[in-house]
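Colleague: Protein sequences, first through last, are from chains A and B.
Mapped onto the working numbering, the consecutive letters of the first sequence carry residue numbers 61 to 276.
Mapped onto the working numbering, the consecutive letters of the second sequence carry residue numbers 61 to 276.
2 protein chains.
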Amino acid sequence: MTTARAGKPMKGDRTRQSILERAVDLASLEGLEGLTIGRLADELGMSKSGLFAHFGSKEELQLAAIEAAGERFIREVLRPALAQPRGYPRLMAICRSWISYVRRSVFPGGCFFAAASFEFDGRPGAVRDAVVKAMDEWIGALERAIVMARDEGHIDSSVDEKQLAFELNSLFFGANFAHQLREDRRALELATKAIERRLEAIRLRPPTRRAAAARR
Amino acid sequence: MTTARAGKPMKGDRTRQSILERAVDLASLEGLEGLTIGRLADELGMSKSGLFAHFGSKEELQLAAIEAAGERFIREVLRPALAQPRGYPRLMAICRSWISYVRRSVFPGGCFFAAASFEFDGRPGAVRDAVVKAMDEWIGALERAIVMARDEGHIDSSVDEKQLAFELNSLFFGANFAHQLREDRRALELATKAIERRLEAIRLRPPTRRAAAARR
DNA sequence: ACCCAGGACGAACGTTCGTGCGATTATAGG
DNA sequence: CCTATAATCGCACGAACGTTCGTCCTGGGT
């Protein structure tokens with residue numbers, strides 16, 4: 061057994077975790093394929109073989125890194141936004157949280173999943189499958205937030221969640237691109253404006269008492 | 061001299077060109093760093109050293125590949141659209157041309173420049189600089205097309221070209237992502253709809269004679 | 001017809017990649 | 001404190017990497 065019965069993490073697990081934190085940072089900079097075991101071991105001050113023993117293969121390391129990146133993403137982006145009340149507030153919170161996630165450099169090389177998506181969109185294998193799964197879950201979460209806003213009557217009932225989720229995600233990736241590669245300091249501002257305008261345009265405001273009275 | 065005086069390409073130039081065509085295809089699938097000289101030589105049925113001599117270093121090969129990819133992009137995407145009259149028609153033509161460029165698989169691994177952008181957004185060097193330059197030129201061309209449409213009075217005068225170019229480019233990247241990685245068969249349809257709605261909303265139609273008369 | 005610049009080659013360099021295999025050290029549980 | 005076992009290490013391997021070198025072959029210019 062590598063895990064203790066109750067809550068007390070053993071040395072190996074702690075090491076594994078710290079390896080993965082570094083691995084995720086490095087992969088966001090150099091790519092999941094550019095991530096190298098020797099380099100990673102050096103940065104952590106341990107031997108290649110000692111590090112390697114935790115995973116058994118590079119592919120397993122890559123898969124574990126994707127999972128660790130997913131946990132960080134959920135902790136830093138999704139969970140805080142889910143604290144907002146469902147509907148329009150939560151949808152907007154997710155968008156703001158994503159922009160802030162790039163601004164705060166949660167991953168030093170920009171969005172881990174954007175990088176992984178474009179790196180593996182051209183080759184088959186287990187790593188690609190894991191990236192696809194992660195992105196499907198993310199887009200799914202976005203779509204659910206949109207459906208909720210529609211069900212709550214916060215946005216127009218004709219909104220297609222697949223369409224809107226596609227557009228929002230595109231703007232996120234575009235923001236990451238302009239911010240990280242082009243070093244456009246207005247990138248996040250442009251993205252925020254685009255998102256706000258898109259969402260405001262479909263927003264339904266609960267009728268105020270005054271307006272309701274005037275309509276009679 | 062490696063180039064003949066007038067128009068007749070020598071053997072070396074022809075070989076170099078065919079190397080680059082393959083290199084660009086391979087790089088769109090495996091990335092510019094994943095592009096390997098041995099693998100490339102194998103696919104072309106020539107020796108590593110013979111191929112290598114054409115470039116002198118891997119970095120030079122990468123830079124040449126970026127340039128070759130740029131030429132293909134201009135030939136396949138930009139030039140056809142520039143045949144349309146300036147203003148709204150040309151702007152729309154560029155957008156349609158981009159979507160069609162993904163559908164036609166001009167690069168087998170999806171948009172070469174989207175892949176390169178996300179691959180090199182985290183590391184310094186000459187290759188990154190070349191990618192940045194290429195993307196700056198592309199975004200610049202997009203912005204110029206928008207400014208023209210504004211100057212021609214085809215779209216609302218309050219349109220910010222930087223804002224709109226950012227949004228359109230984001231949708232292009234998003235389309236590439238959904239199409240290539242997620243294999244969403246409706247990806248290009250979603251992107252097209254988003255683009256059309258965004259552009260239609262700012263479009264100014266020349267007043268018909270009937271409407272002009274009614275206004276008097 | 002001759003000549004030679006330059007294109008292509010095979011072999012080998014040193015390095016780094018991912019991966020195995022004992023040996024050695026650290027540590028958790030009785 | 002002792003000991004079983006988990007964690008880490010040193011070392012080595014074959015393959016592939018980018019790169020260099022010396023040599024052959026050949027097509028174009030005179």
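Glycine included, C-beta positions come from ideal geometry on N, C-alpha and C.
What you are looking at is a predicted structure, and each value in this text was computed from that prediction instead of being measured.
Please tell me whether Q223/B has its Cβ less than 8 Å away from any Cβ of chain A.
Modeller: For Q223/B, the answer is yes, since a Cβ of chain A falls inside 8 Å of its Cβ.
Colleague: Just how far apart, CA to CA, sit I199/A and N229/A?
Modeller: Cα-Cα distance, rounded: 8 Å.
Colleague: Could you spell out the range, first to last residue, of the alpha helix (DSSP H) harbouring A251/A?
Modeller: It spans A247 to I262 - the alpha helix (DSSP H) in which A251/A sits, taken as one unbroken run.
Colleague: Taking the alpha-carbon of A247/B as reference, which of F237/A, K222/A, L231/A and F232/A has the nearest alpha-carbon?
Modeller: For A247/B, the nearest C-alpha among the options comes from K222/A.
Colleague: Measure the alpha-carbon distance for K193/B versus L241/A and round it to whole angstroms.
Modeller: Answer to the nearest angstrom: the Cα atoms are 10 Å apart.
Colleague: Is A225/A closer than 8 Å to E203/A when the C-beta atoms are compared?
Modeller: In contact: E203/A and A225/A (Cβ atoms closer than 8 Å).
Colleague: Can you check DSSP and say which residues form a bridge with I215/A?
Modeller: The partner list for I215/A (beta bridge, DSSP) reads R263/A.
Colleague: For the alpha helix (DSSP H) holding C155/B, just list the boundary residues, first then last.
Modeller: Taken as a continuous stretch (DSSP letters only), the alpha helix (DSSP H) holding C155/B covers Y148 to R163.
Colleague: Could you tell me the alpha carbon to alpha carbon distance between A261/A and R82/B, rounded to whole angstroms?
Modeller: Answer to the nearest angstrom: the Cα atoms are 46 Å apart.
Colleague: Say whether the stretch 73–87 of chain B touches the stretch 159–178 of chain B, bearing in mind that this needs 3 or more beta-carbon pairs closer than 8 Å, one atom from each stretch.
Modeller: Yes, the stretch 73–87 of chain B is in contact with the stretch 159–178 of chain B.
Colleague: Within a Cβ cutoff of 7 Å, which residues of the same chain sit near S157/B, ignoring the five residues on either side of it in sequence?
Modeller: The residues are V137, P140 and A141.
Colleague: Run through chain B and tell me which residues come within less than 7 Å of G170/A, C-beta to C-beta.
Modeller: Ordered by position in chain B, the residues that pass the 7 Å Cβ test against G170/A are D181 and G182.
Colleague: Considering just the uninterrupted stretch of the alpha helix (DSSP H) at G234/A, what are its terminal residues?
Modeller: Residues E221 to Q240.
Colleague: Are the C-beta atoms of S230/A and some chain B residue less than 8 Å apart?
Modeller: Yes, S230/A counts as interfacial toward chain B.
Colleague: Is the separation between the beta-carbon of E93/B and that of G94/A shorter than 8 Å?
Modeller: Against a cut-off of 8 Å, the Cβ pair of G94/A and E93/B comes out as a contact.
Colleague: Please compile the residues from chain A whose C-beta is within a distance smaller than 8 Å of the C-beta of Q122/B.
Modeller: Within 8 Å Cβ-Cβ: nothing; Q122/B doesn't reach chain A, min ~14 Å.
Colleague: Write down the C-beta distance between A124/A and E227/B rounded to the nearest angstrom, noting that I regard them as a contact closer than 8 Å.
Modeller: Rounded, the Cβ-Cβ distance is 36 Å, inconsistent with contact.
Colleague: With respect to the alpha helix (DSSP H) encompassing A300/A, which residues constitute its N-terminal and C-terminal limits?
Modeller: Lying before the first or after the last residue shown, residue 300/A is absent from chain A, which here runs from 61 to 276.
Colleague: In whole angstroms, give me the CA-to-CA distance for A143/B and E90/A.
Modeller: About 40 Å.
Colleague: Return the residue from the list V191/A, L231/A, F133/A and R76/A that minimises the CA-CA distance to S165/A.
Modeller: Ranking V191/A, L231/A, F133/A and R76/A by Cα distance to S165/A puts F133/A first.
Colleague: Quick check on DSSP: helix, strand or coil for R82/B?
Modeller: In the structure shown, R82/B sits in a helix (DSSP, three-state: H, G or I).
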